[in-house]
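Chains B and G, in that order, are what the protein sequence lines are.
Following the UniProt record's numbering, the residues of the first sequence are numbered contiguously, the last one being 165.
Following the UniProt record's numbering, the residues of the second sequence are numbered contiguously, the last one being 165.
The C-beta atom is built at its ideal place from N, Cα and C for all residues, glycine as well.
Shown next, in structure tokens, is the structure this report addresses.
There are 2 protein chains.
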Amino acid sequence: MAGAGEDALDGLDARLLLLLSDEPRLGVLECSRRLGVARGTVQARMDRMARRGILRGFPPELDLAAMGYGLTAFAVLEISQGQRAAVSERLAAIDEVCEVHATTGQGDLFVRMVARSNADLQRVIDTVVAVPEVRRTSTSIALSTPVAPRVRPLLERLAAESAPE
Amino acid sequence: MAGAGEDALDGLDARLLLLLSDEPRLGVLECSRRLGVARGTVQARMDRMARRGILRGFPPELDLAAMGYGLTAFAVLEISQGQRAAVSERLAAIDEVCEVHATTGQGDLFVRMVARSNADLQRVIDTVVAVPEVRRTSTSIALSTPVAPRVRPLLERLAAESAPE
DNA sequence: AGAATTGCTGTGCAACATGGTCAGTATTGT
DNA sequence: ACAATACTGACCATGTTGCACAGCAATTCT
């Protein structure tokens, strides 16, 4: 065995995930061909990663902008002490709220939301700040996204670390 | 036709996307069965949404925490005027930087990053703030995620809007 | 050392899904 | 009334899936 942390991804796992990232609709068979391993191996790896919770599935990736929700905004909320759960719940009820994190530091909650237009965004922000336990908010609009959500570099590093024996 | 905005998603599109969100590995045939339409119809809808850029694909969804990257942190960067591109480029070169947005408001760039441990996070943050054009930073650590990235509510609204004739 | 375990390979098989095409039908637009 | 568009239901050849099997190598246990 590798000896070190055991239940970590090895090079093959990482290469498989990279392959699937690039061409997600590949079947198990194609993957096995491209990776140069047997089909059963790929199947076993995918099962194992799924069991471990690493590979959660293959959800459709939607482009909100293409769906009409061209605006993204972020908000940092400061809330009344002990109201995190209550506020989170209310935020979760707003369709346009796509993500909420509780954070350390000045703000307490960090919110990502989308909207169709400036007017729509105004409405969404108003809805968010209308949550009673919210004391102070500071919002900003995303102008561009120099780095879109990605995991690839980490996978590549894993693949590089484990492979070059 | 619907009469209104034409190139919008209709109820069937939305229901298809919802279905795929719930069970992403469903084949075209299964989808057609569950939606009660012909296979060709599903195929046509998926092709159309793909052409329009709405449906970008089916990338594997990975759980970074399960992969060992249990910590997520956010940073707001204030940078020297006109250096956005330069800074973005440097940030993109850092593996642990998973997302960067340029924003309005006080901060200029908003960064999401991950790390394996506190020590690792320290290192990552140091790397980020070491970018020369960065003037001021404020980082916070994600303690929890009351609302994980989601699109579902928007799809459900679409499905509800178009369907109930 | 010898035995057992584990992981990968390569094969075979039946069941099923895929992409393609085609004709028939309803609905919408001119 | 005619053309265009969208959906249906069927067909086909091909490829893929899930499963089980035996052979092999490396590693770990006793």
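Note down the Cα distance separating residue i from residue j, rounded to an integer number of angstroms.
i, j, result
"alanine 38 of chain B", "glycine 57 of chain B", "22 Å"
"asparagine 118 of chain G", "threonine 139 of chain G", "13 Å"
"arginine 34 of chain B", "threonine 104 of chain G", "44 Å"
"leucine 16 of chain B", "glutamine 122 of chain B", "43 Å"
"leucine 143 of chain B", "leucine 19 of chain G", "32 Å"
"glycine 5 of chain G", "glycine 27 of chain G", "Model confidence at glycine 5 of chain G stands at a pLDDT of 41, short of 50, so the residue's coordinates are unreliable and nothing is read from them."
"aspartate 10 of chain B", "serine 21 of chain B", "17 Å"
"serine 32 of chain B", "threonine 41 of chain B", "8 Å"
"methionine 46 of chain G", "alanine 65 of chain B", "17 Å"
"alanine 86 of chain B", "aspartate 108 of chain B", "13 Å"
"glycine 82 of chain G", "arginine 51 of chain B", "47 Å"
"phenylalanine 110 of chain G", "alanine 93 of chain G", "16 Å"
"residue 169 of chain G", "glutamine 106 of chain G", "Only positions 1 to 165 of chain G appear in this structure, which leaves residue 169 of chain G out of reach."
So the candidates are the options; which of them puts its Cα closest to the Cα of residue i?
i, options, result
"serine 80 of chain B", "B:Arg135, B:Ala50, B:Thr104", "B:Arg135"
"glutamate 96 of chain B", "G:Ala102, G:Met49, G:Arg157", "G:Arg157"
"isoleucine 54 of chain G", "B:Pro60, B:Thr41, B:Val42, B:Val100", "B:Pro60"
"arginine 90 of chain G", "G:Val131, G:Arg48, G:Gly82", "G:Val131"
"glutamine 43 of chain G", "G:Thr145, G:Leu12, G:Thr137", "G:Leu12"
"alanine 14 of chain B", "G:Pro24, G:Leu62, G:Arg51", "G:Leu62"
"threonine 127 of chain G", "G:Thr145, G:Ala75, G:Ser162", "G:Ala75"
"arginine 150 of chain B", "G:Arg52, G:Arg84, G:Cys98, G:Ile94", "G:Cys98"
"tyrosine 69 of chain G", "G:Ala115, G:Arg51, G:Arg152, G:His101", "G:Ala115"
"threonine 137 of chain G", "G:Ala160, G:Glu78, G:Val147", "G:Glu78"
"alanine 102 of chain B", "B:Arg48, B:Ser88, B:Glu23", "B:Ser88"
"isoleucine 125 of chain G", "G:Pro24, G:Leu155, G:Thr72, G:Glu23", "G:Thr72"
"proline 146 of chain B", "G:Val100, G:Gly36, G:Met49, G:Met67", "G:Val100"
"isoleucine 141 of chain G", "G:Ala148, G:Met113, G:Glu133, G:Glu161", "G:Met113"
According to DSSP, is residue i helix, strand or coil?
i, result
"alanine 26 of chain G", "The sequence as given places leucine at residue 26 of chain G; alanine does not occur at that position. Three-state DSSP puts leucine 26 of chain G in coil, outside helix and strand."
"proline 153 of chain G", "helix"
"isoleucine 125 of chain G", "helix"
"glycine 40 of chain G", "helix"
"methionine 46 of chain G", "helix"
"arginine 33 of chain B", "helix"
"valine 131 of chain B", "coil"
"glutamate 96 of chain B", "coil"
"leucine 91 of chain G", "helix"
"glycine 11 of chain B", "helix"
"leucine 19 of chain G", "helix"
"leucine 158 of chain G", "helix"
Under 9 Å Cβ-Cβ, which residues of chain G neighbour residue i?
i, result
"cysteine 98 of chain B", "Val147, Pro149, Arg150, Val151, Pro153, Leu154"
"serine 32 of chain B", "None at all; the shortest Cβ gap to chain G is about 16 Å."
Under 8 Å between beta-carbons, which chain G residues line up against residue i? List them in chain order, please.
i, result
"threonine 41 of chain B", "Ordered by position in chain G, no residue passes the 8 Å Cβ test against threonine 41 of chain B, which lies about 17 Å from the chain."
For residue i, which residues in chain B fall below 7 Å Cβ to Cβ?
i, result
"glycine 53 of chain G", "Asp63, Ala66"
"leucine 9 of chain G", "Met67"
"isoleucine 141 of chain G", "Thr103, Thr104"
"aspartate 47 of chain G", "Correct list: empty, because the minimum Cβ distance to chain B is about 13 Å."
Output, in chain order, the set of chain B residues within a Cβ distance shorter than 8 Å of residue i.
i, result
"serine 21 of chain G", "Pro59, Pro60"
"leucine 91 of chain G", "Pro146, Val147"
Which residues in chain B sit within 9 Å of residue i, going by Cβ to Cβ distance?
i, result
"arginine 25 of chain G", "Gly57, Phe58"
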